[in-house]
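Here the structure is laid out as structure tokens; the discussion comes afterwards.
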Amino acid sequence: MNGVSTGFDLAAILDVVVAVAVVAGVVFGLAELRHATRSRRDHAAVDIVRTVQT
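If you want it as structure tokens, here you go:
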């Protein structure tokens with residue numbers, strides 16, 4: 008085994024790590040967007056109820 012195959016293996020591992028990080032970032036971003044949308048909707052519903060009650 009020479010250093011080239013080890014370097015390739017390291018590069019492949021780093022590519023996988025980067026791909027996993029990107030996928031995790033996208034999943035996290037989508038989850039945050041969903042949470043923000045729900046939070047805004049709930050806040051708007053509470054405001055409507057308060058307006059109707061007064």
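Throughout, our numbering is defined as the position within the sequence shown, counted from one, plus 7. Note that beta-carbon positions come from the ideal geometry of N, C-alpha and C, so glycine has one too.
- In this model, H50 and A38 are separated by some 18 Å (Cα to Cα).
- DSSP places T61 in the coil class of the three-state scheme, outside both helix and strand.
- It is roughly 23 Å from the alpha-carbon of T61 to the alpha-carbon of S46.
- Looking at the backbone, the Cα of A28 and that of A19 are separated by about 14 Å.
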